[in-house]
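**Student:** Note that the working numbering has the sequence shown beginning at 214, numbered continuously upward. Pasting in a structure now, in structure tokens, and then I'll have a few things to ask.
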Amino acid sequence: MCGILGIQTKTIPASMKLLEEMTRTLTHRGPDAQKCELFPEYNVGLGHTRLSIIDLTESGNQPMSNQEGSIWVVFNGEIYNHVQLRSHLQTHGHKFNGSSDTEVIIHSFQEWGIDCVKKFDGMFAFGIWDKNRETFFLARDRLGIKPLVYYLDEDTFIFASEIKAILAHPGIDKTRDDTAIYDYLTYGYIPSPKTPYKKIRKLEAAHTFTFRRDLSHYSKYWDIDFQSVSELMDIEQATELVSEQLSQAVKAHLVSDVPIGAFLSGGVDSGTVVARASSQYGRTLRTYTVDFGSQPDSESQNAVSLSKLHGTQHRAVSFDELEIEETYKKLQRFYDEPLGDISILPTSFISAVASEDVKVVLSGDGGDEIFGGYERYRSWMARQWVAGIPTGAYRNFSTQMLRFLHPNSSVFRWGTYPLLSPLERYSRLVTKYRSVDKEGFLNRDWLDQFRDYDDLWFFRKHWKTDLDPISQAQYLDLKTYLTDDLMAKVDQASMASSLEVRPPLLDHHLVETLFSIPAKLRWSNTNQKILLKRSSISLLPMATIKGSKIGFGIPSIARRKVIKKIENKMNSLVQDQENDIFSNKFYQGASGHNVHWNLTALRIWMANN
214 MCGILGIQTK
224 TIPASMKLLE
234 EMTRTLTHRG
244 PDAQKCELFP
254 EYNVGLGHTR
264 LSIIDLTESG
274 NQPMSNQEGS
284 IWVVFNGEIY
294 NHVQLRSHLQ
304 THGHKFNGSS
314 DTEVIIHSFQ
324 EWGIDCVKKF
334 DGMFAFGIWD
344 KNRETFFLAR
354 DRLGIKPLVY
364 YLDEDTFIFA
374 SEIKAILAHP
384 GIDKTRDDTA
394 IYDYLTYGYI
404 PSPKTPYKKI
414 RKLEAAHTFT
424 FRRDLSHYSK
434 YWDIDFQSVS
444 ELMDIEQATE
454 LVSEQLSQAV
464 KAHLVSDVPI
474 GAFLSGGVDS
484 GTVVARASSQ
494 YGRTLRTYTV
504 DFGSQPDSES
514 QNAVSLSKLH
524 GTQHRAVSFD
534 ELEIEETYKK
544 LQRFYDEPLG
554 DISILPTSFI
564 SAVASEDVKV
574 VLSGDGGDEI
584 FGGYERYRSW
594 MARQWVAGIP
604 TGAYRNFSTQ
614 MLRFLHPNSS
624 VFRWGTYPLL
634 SPLERYSRLV
644 TKYRSVDKEG
654 FLNRDWLDQF
664 RDYDDLWFFR
674 KHWKTDLDPI
684 SQAQYLDLKT
694 YLTDDLMAKV
704 DQASMASSLE
714 VRPPLLDHHL
724 VETLFSIPAK
734 LRWSNTNQKI
744 LLKRSSISLL
754 PMATIKGSKI
764 GFGIPSIARR
774 KVIKKIENKM
784 NSLVQDQEND
794 IFSNKFYQGA
804 SGHNVHWNLT
814 ALRIWMANN
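In structure tokens:
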């Protein structure tokens, strides 16, 4: 992993001092080397901090250029097929100075132009400066594993791995985007392309951005193709296909010039990755687990069993109240935007532990989205009966029966459920606060600006009406929750400790393979993650195969204690920066909402920004 930065201004001369200051904010992403390049004739600068993983020599340092010095790149991530691409490019006359995947990006851009991004297998975010065309080209990987944000106003264009690097520029507009804060309360994360700042935007997953002075072009280069589904496939064929792709994905993610470890929660996702990695790695794999002690919903014992089975060098590290408090203090410094996912705390903690031994770990992230492991999928499928209710007749009946009930009552919610669209019905399973909920703890004056606001605009953007119900839910989660919550969480938590996390289950070839399989084979109400379990049944203990999903989330009892403790600290802070958003009810505790991590995380961000 690395930290990347690029800047171009129209009128203000580019400054090496400022460029270096902005780049230093990304040191945690790449402590091994820092380098900046200034192109004063174009008012352009590039900055990079390096975590050395492929080609550990200085020839792998960035910013990097081609031999002519006409194309420059700053790159964060890994291109897993860089060796194959290098061989192809060499047959077409390209000459290389080193063995890094960064250099492959440069020559791929020379060979294929902006379509080079379609050739890359991996997780990546990069910016290319093409001097001859005086053009920037930005790209982000297909599933949003690596972050990339940019700022654009009349004078200045900046891109970076993290918002903090952009905020280090003294001349930018830092106006808060209230719609992003409102969206955060709906979804539990700030949806792409928004950030907490009006002028700073995220480059969306599977997108590219081309910028030349006053001209820009935003383009999507990849999506899941549901038209390729093979209805003739049976469960045995599907299992064999998935098993083969899993092995290839894990093998690709083991490419490294430094030792690799793995997160091991004890569940089927990380267990599958560890089982396959330990047999392919060629040396002893280090594994890491958060131990919550005797909590009833902890998987640490399963992790120990898996470690013994596959011969890994295992560390199970206790995450007690003291460790939680220290992790929370550390994480505040890296909190560029609020994120309502409390598992960022144990993820940050175990990342810090793993970084003592290795620079790279594999994870089981993405398994629930692509294999259908969330409990909400069962709820969603169980509620498909409402589609058969005649809406017109029911609407007349419900209007009379429900008009005296409060919109927040359970009877009202269930009574209106059949009247909702499929998207609105699914959103009830995944959103945090509805409009009526927000009225209980937000300042009414602040809320007035959202009177006609579409709370579900982000979901509408990615909802596919022509898919079967389970594919609708999985696709939506892949395009929204996975990128803007899970991947953002993992990146923040791991990069705070200079650790690269690789998720083999999000290999795009594996994702494409899974969604080419009919939904009836891909998902089962009685056996969730059926294809993952069937393809790994010889590799995992039966306790893991039959176990319930837990992952690296904080167990329920400990979670309540954590939130309470952090909230007490937040209440001791000056509330001036919050007063325009929260109502008096919130501070008096009358709403009951202040026990939720979503609001706690928002307050942490507001207190530090």
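Quick reminder that beta carbons are idealized off the backbone N, C-alpha and C, glycines included.
According to DSSP, is Asn515 part of a helix, a strand, or is it coil?
**Tutor:** helix
**Student:** Could you give the DSSP three-state label for His182: helix, strand or coil?
**Tutor:** This structure cannot speak to residue 182, because the chain is shown only from 214 to 822.
**Student:** Going by C-alpha distance, which of Tyr402, Thr224 and Gln247 is nearest Leu218?
**Tutor:** Gln247
**Student:** Ignoring anything shorter than 4 residues or poking outside the segment 296-346, list the alpha helix (DSSP H) runs there in chain order.
**Tutor:** 314-325
**Student:** In whole angstroms, what is the alpha-carbon distance linking Thr224 and Ser483?
**Tutor:** Straight-line Cα distance between these residues: approximately 51 Å.
**Student:** In the DSSP assignment, find the unbroken beta strand (DSSP E) run with Lys651 in it and report its ends.
**Tutor:** No beta strand (DSSP E) contains Lys651, which is instead part of the alpha helix (DSSP H) from Ser648 to Lys651.
**Student:** Where do the N-terminal and C-terminal ends of the alpha helix (DSSP H) with Lys542 fall, by residue?
**Tutor:** Glu534 to Gln545
**Student:** Can you tell me whether Leu753 is helix, strand or coil according to DSSP?
**Tutor:** coil
**Student:** Within 10 angstroms of the Cβ of His806, are there 16 or more other Cβ atoms? Answer buried if so, exposed if not.
**Tutor:** In this prediction, His806 has a pLDDT of 46, which is less than 50 and means its spatial position is unreliable; what the coordinates show is noted afterwards. Its Cβ being crowded by 16 or more others within 10 Å, His806 is buried.
**Student:** Locate the alpha helix (DSSP H) running through Phe671, then write down its first and last residues.
**Tutor:** Trp670 to His675
**Student:** Taking DSSP's pairing of strands, which residues face Arg823 in a bridge?
**Tutor:** The structure shown has nothing for residue 823, since the chain only spans 214 to 822.
**Student:** Does Gln662 pass the burial test, meaning 16 or more other C-beta atoms within 10 Å, or should it be called exposed?
**Tutor:** With fewer than 16 Cβ atoms within 10 Å of its Cβ, Gln662 is classed as exposed.
**Student:** DSSP three-state label for Leu695, please.
**Tutor:** helix
**Student:** Identify, in the order they occur along the chain, each residue of the same chain with its Cβ nearer than 7 Å to the Cβ of Ser312, setting aside the five sequence neighbours on each side.
**Tutor:** Asp268
**Student:** Mind checking Leu428: buried by the 16 CB within 10 Å criterion, or exposed?
**Tutor:** exposed
**Student:** Taking only the alpha-carbon atoms, compute the straight-line gap between Glu725 and Gln297 and give it to the nearest angstrom.
**Tutor:** 21 Å
**Student:** Would you tell me roughly how many angstroms separate the C-alpha atoms of Val286 and Ile292, rounded to the nearest one?
**Tutor:** Each residue's alpha carbon lies about 14 Å from the other.
**Student:** Hey, Lys742 and Gly585 are a contact pair by Cβ (cut 8 Å); roughly how many whole angstroms apart?
**Tutor:** About 6 Å separates the beta carbons of Lys742 and Gly585, which is inside the 8 Å limit, making them a contact pair.
**Student:** Within 10 angstroms of the Cβ of Met755, are there 16 or more other Cβ atoms? Answer buried if so, exposed if not.
**Tutor:** Exposed is the call here.
**Student:** State the DSSP-derived secondary structure class of Tyr431, mapped to helix, strand or coil.
**Tutor:** strand
**Student:** Does the Cβ-Cβ distance between Leu398 and Tyr646 come in under 8 Å?
**Tutor:** Taking a C-beta distance under 8 Å as the contact criterion, Leu398 and Tyr646 qualify as a contact pair.
**Student:** May I ask you to verify whether the segment 439-455 touches the segment 518-529, counting CB pairs closer than 8 Å and requiring at least 3?
**Tutor:** no
**Student:** Could you tell me which residues DSSP puts in a beta bridge with Val257?
**Tutor:** Gln221 and Phe252
**Student:** Comparing alpha-carbon positions, which option in Arg425, Phe337 and Thr304 lies nearest Thr315?
**Tutor:** Phe337
**Student:** Residues bridged to Asp504 by DSSP?
**Tutor:** Ser531
**Student:** First and last residue of the alpha helix (DSSP H) that includes Thr560?
**Tutor:** Ile557 to Ala567
**Student:** Let me confirm a value: Val808 is counted as buried when at least 16 other C-beta atoms fall within 10 Å, else exposed. Which label applies?
**Tutor:** Confidence is the limiting factor: at Val808 the pLDDT is only 47, short of 50, which leaves the residue's position unreliable and the question unanswerable from this model.
**Student:** Applying the criterion that 16 or more other CB atoms from any shown protein chain within 10 Å of the CB defines a buried residue, is Ser748 buried or exposed?
**Tutor:** buried
**Student:** Helix, strand or coil for Arg657? Go by DSSP, reduced to three states.
**Tutor:** Three-state result, Arg657: helix.
**Student:** Is Asn821 closer than 8 Å to Tyr548 when the C-beta atoms are compared?
**Tutor:** yes
**Student:** Go ahead and pull the three-state DSSP assignment for Thr629.
**Tutor:** helix
**Student:** To which residues of the same chain is Trp593 closer than 7 Å at the C-beta, ignoring the five residues directly before and after it?
**Tutor:** Tyr639, Leu642, Pro682 and Ala686
**Student:** Could you tell me the boundaries of the alpha helix (DSSP H) in which Asn811 lies?
**Tutor:** Trp810 to Asn821
**Student:** Suppose you measure from the CA of Ala760 to the CA of Asn740; what does that come to, to the nearest Å?
**Tutor:** In the sequence as displayed, the identity of residue 760 is Gly instead of Ala. Straight-line Cα distance between these residues: approximately 11 Å.
**Student:** Tell me whether Gly474 sits in a helix, a strand or coil according to DSSP, three-state version.
**Tutor:** strand
**Student:** Using a Cβ-Cβ cut-off of 8 Å (strictly less than) and excluding sequence neighbours within five positions of Gly474, which residues of its own chain qualify?
**Tutor:** Leu498, Arg499, Thr500, Tyr501, Ala567, Asp570, Val571, Val573, Val574 and Leu575
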